[in-house]
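See below for the structure under consideration.
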Ligand SMILES: Nc1ncnc2c1ncn2[C@@H]1O[C@H](COP(=O)(O)OP(=O)(O)OP(=O)(O)O)[C@@H](O)[C@H]1O
Ligand SMILES: [Mg+2]
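Residue numbers (the numbering used here): 305 to 691.
Given below as structure tokens:
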């Protein structure tokens with residue numbers, strides 16, 4: 305709890321009253337300021353910002369009510385105690401309307417004044433506490449909103465997953481039906497077809513589950529010292545058979561001097577595979593061209609590594625480009641969860657890098673991942689800092 309200062313401002317046109325109050329309040333431990341009229345009082349108030357002002361209600365030029373209004377306008381938290389004379393009833397009522405804290409009748413009885421001051425102080429303290437509670441409350445509301453957002457995106461995820469699972473089950477059903485028929489009739493071709501469908505579907509389920517696991521819990525990266533050339537080779541190896549089976553020319557172009565770099569190879573691997581898979585999907589969907597080609601290159605630019613994936617598939621219009629990294633955005637129906645790029649982007653951001661996309665409908669797309677060779681906050685540095 306913040307300590308409160310002890311400043312008090314006395315405003316009275318009568319010097320005797322001011323002197324008497326000055327003495328009395330000083331002996332009570334207050335840091336006393338005084339003014340003989342409203343204008344002076346306002347000046348002092350603006351400089352010293354006392355929390356409590358004790359003012360005579362009847363004064364020449366600016367009276368106590370005017371001063372009260374002015375003080376409350378400048379700082380509504382100021383506690384203003386009015387000193388009322390005999391027959392000032394109307395003024396006293398008026399000052400209640402303008403939120404005076406209390407009244408002390410003239411001639412001033414010190415015991416009565418003490419009670420009024422205590423009340424004013426309590427009020428100021430309560431105000432301060434309320435302000436602190438309100439701030440805490442605002443913080444709580446913020447946390448709650450975050451939680452709500454998380455829950456609603458969780459709801460969205462569950463409905464999207466259920467939908468995908470339904471599609472995957474249909475796929476599995478189809479595969480098993482073929483397998484079943486093949487086994488019954490001892491038809492090897494049918495068995496192989498069925499098995500292929502089951503394999504593809506299981507692979508999709510695996511991918512989806514991995515995405516969900518990643519989405520459900522934000523992972524910390526596992527930093528490893530990685531040889532970039534072999535890393536790029538491993539990523540392309542995963543894609544090679546897929547490219548072949550879809551008749552896509554796969555061009556790799558890696559700078560042989562890439563060297564080593566600290567990164568989370570497992571997560572970055574998945575990110576690149578997802579982008580390459582998207583490129584394959586974009587090519588297979590495109591019927592406008594005869595041949596399709598995906599170029600995967602890795603190069604260096606100053607202290608960054610750049611992975612580029614270029615396809616001549618269907619490309620994207622501006623609406624798709626805008627939504628690209630939003631979770632659950634997919635144009636693939638049951639075949640996509642729409643988490644792929646959202647997660648890839650997160651992984652790249654966690655590496656302190658960024659993904660740039662260029663694309664044009666019917667032309668193709670280019671994804672460019674820029675990753676700093678020196679991670680944003682090397683985990684090793686961090687531990688030494690903490691030690
Ligand atoms: N190379 C590309 N060419 C054309 N469209 C693309 C390309 N890459 C992504 N997209 C569009 O962006 C959408 C989102 O991609 P994202 O990888 O996030 O999800 P997805 O591939 O649909 O599903 P999954 O979660 O299985 O990866 C795709 O559905 C597609 O419409
Ligand atoms: Mg994808």
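Just so it is clear, CB atoms sit at the ideal spot from N, CA and C, and this is done for glycine as well.
Everything numeric in this text was worked out from a predicted model, so none of it was measured.
Cβ shell of residue 366 (< 7 Å), same chain only, five flanking positions each side left out: Locating residue 366 in the chain shown gives position 62, counting from the first residue. So the qualifying residues of the chain are 341, 342 and 343.
Evaluate residue 487 with the Cβ neighbour count: other Cβ atoms within 10 Å of its Cβ, from every protein chain shown; 16 or more gives buried, anything less gives exposed. Residue mapping note: residue 487 aligns to position 183 of the chain shown, counting from 1. So residue 487 ends up on the exposed side.
Is the beta carbon of residue 417 closer than 9 Å to that of residue 356? One-based indexing of the chain shown puts residue 356 at position 52. One-based indexing of the chain shown puts residue 417 at position 113. In this structure, residue 356 sits away from residue 417, with a CB-CB distance that is not shorter than 9 Å.
If you drop the 5 nearest sequence neighbours on each side, which residues of the same chain put their C-beta closer than 8 Å to that of residue 337? Within the chain shown, numbered from 1, the residue matching residue 337 stands at position 33. If we look at residue 337 and ignore the five residues flanking it on each side, its Cβ neighbours are 311, 312, 313, 314, 348, 352 and 354.
Does the Cβ-Cβ distance between residue 678 and residue 607 come in under 9 Å? If you number the chain shown from 1, residue 678 lands on position 374. If you number the chain shown from 1, residue 607 lands on position 303. For residue 678 and residue 607, yes; Cβs fall inside 9 Å.
For residue 633, name the three-state secondary structure that DSSP assigns. By 1-based counting over the chain shown, the position of residue 633 is 329. Coil at residue 633, not helix or strand.
Do you know offhand how far residue 635's Cα is from residue 434's? Taking the chain shown and counting its residues from 1, the one referred to as residue 635 is at position 331. Taking the chain shown and counting its residues from 1, the one referred to as residue 434 is at position 130. Cα to Cα, the separation comes out at about 51 Å.
First and last residue of the uninterrupted beta strand (DSSP E) at residue 668: One-based indexing of the chain shown puts residue 668 at position 364. Element bounds for residue 668: 668–676.
Can you give me the C-alpha to C-alpha distance between residue 316 and residue 431, rounded to a whole angstrom? As a first step, residue 316 is located in the chain shown; it is residue number 12 there, counting from the start. As a first step, residue 431 is located in the chain shown; it is residue number 127 there, counting from the start. Looking at the two C-alpha atoms, the distance is approximately 27 Å.
Could you tell me whether the segment 550–563 touches the segment 508–528, where touching means 3 or more Cβ pairs closer than 8 Å? Too few Cβ pairs lie closer than 8 Å, so no.
One or two residues paired with residue 664 in a DSSP bridge: Here residue 664 corresponds to residue number 360 of the chain shown, with the count starting at 1. Bridge partners of residue 664: 668.
Could you check what DSSP says for residue 561 in three-state terms: helix, strand or coil? Counting from 1 along the chain shown, the entry for residue 561 is found at position 257. Three-state DSSP puts residue 561 in coil, outside helix and strand.
Runs of alpha helix (DSSP H) lying entirely within the segment 609–659, each at least 4 residues, in chain order: List check, alpha helix (DSSP H) in window: 622–627 and 644–654.
Which residues, in chain order, sit with a beta-carbon under 5 Å away from any heavy atom of ligand 2? 578, 582 and 644
Report yes if the C-beta of residue 639 is less than 8 Å from at least one heavy atom of ligand 1; otherwise report no. Counted from its first residue, the chain shown places residue 639 at position 335. Shortest gap from the CB of residue 639 to any heavy atom of ligand 1: under 8 Å.
List the endpoints of the continuous alpha helix (DSSP H) containing residue 771. There is simply no residue 771 to check, as the chain begins at 305 and stops at 691 in what is shown.
The alpha helix (DSSP H) that contains residue 582, what's its start and end? The sequence position of residue 582 within the chain shown is 278, counting from 1. Looking at the DSSP string, the run of the alpha helix (DSSP H) that includes residue 582 is 569–589.
In this structure, does DSSP put residue 387 in helix, strand or coil? In the chain shown, counting from the first residue as 1, residue 387 sits at position 83. If DSSP states are grouped into helix, strand and coil, residue 387 belongs with the strands.
Can you determine whether any heavy atom of ligand 1 sits closer than 8 Å to the C-beta of residue 611, and answer yes or no? As a first step, residue 611 must be located in the chain shown, where it is residue number 307. It does not: the Cβ of residue 611 is nowhere closer than 8 Å to a heavy atom of ligand 1.
When we look at the beta-carbon of residue 449 and count the other beta-carbons within 10 Å, is it buried (16 or more) or exposed? For the purposes of this step, residue 449 is taken as residue 145 along the chain shown, with counting starting at 1. So residue 449 counts as exposed.
How is the beta strand (DSSP E) around residue 601 delimited, first residue to last? Position 297 of the chain shown, counted from the first residue, corresponds to residue 601. Per DSSP, residue 601 belongs to the beta strand (DSSP E) from 596–605.
Starting from the N-terminal side, write out each stretch of the beta strand (DSSP E) that is 3 residues or longer and does not extend beyond the segment 332–405. 335–339, 356–360 and 383–388
On the DSSP bridge list, what partners appear for residue 409? On the chain shown, residue 409 is found 105 positions in, with the first residue counted as 1. Its beta-bridge partners are 388.
For residue 593, report the span of its alpha helix (DSSP H) as first-last. Along the chain shown, read from residue 1 onward, the residue named residue 593 stands at position 289. Segment: none, residue 593 is in no alpha helix (DSSP H) and carries neither H nor E.
Nearest-angstrom Cα distance between residue 319 and residue 436? Translated into the one-based positions of the chain shown, residue 319 becomes position 15. Translated into the one-based positions of the chain shown, residue 436 becomes position 132. One C-alpha to the other measures close to 40 Å.
In terms of alpha-carbon separation, which member of 358, 511, 362 and 665 lies closest to residue 639? Taking the chain shown and counting its residues from 1, one reaches residue 639 at position 335. Minimum Cα distance to residue 639 is reached at 511.
Just to confirm before moving on: does the CB-CB distance between residue 494 and residue 503 stay below 9 Å? Within the chain shown, residue 494 is the residue found at index 190, counting from 1. Within the chain shown, residue 503 is the residue found at index 199, counting from 1. Not closer than 9 Å, so no.
Would you report the Cα separation of residue 629 and residue 384, rounded to the nearest angstrom? Locating residue 629 in the chain shown gives position 325, counting from the first residue. Locating residue 384 in the chain shown gives position 80, counting from the first residue. Distance between the alpha carbons of residue 629 and residue 384: 57 Å.
Reference residue 369; option with closest CA among 379, 396, 380 and 419: Locating residue 369 in the chain shown gives position 65, where the first residue counts as 1. Taking only the C-alpha atoms, the option nearest residue 369 is 396.
With a CB to CB cut of under 7 Å and the five nearest residues on each side skipped, what residues in its chain are close to residue 539? Taking the chain shown and counting its residues from 1, one reaches residue 539 at position 235. Answer for residue 539: 573, 576 and 577, listed in chain order.
Using a 10 Å radius around the Cβ and a threshold of 16 neighbouring Cβ atoms, would you call residue 459 buried or exposed? Residue mapping note: residue 459 aligns to position 155 of the chain shown, counting from 1. Burial call: exposed.
Contact defined as beta carbons within less than 8 Å: I believe residue 599 pairs with residue 547. What is the distance between those atoms, to the nearest angstrom? The residue given as residue 599 occupies position 295 in the chain shown. The residue given as residue 547 occupies position 243 in the chain shown. The C-beta separation of residue 599 from residue 547 comes to about 11 Å, leaving the pair out of contact by the 8 Å criterion.
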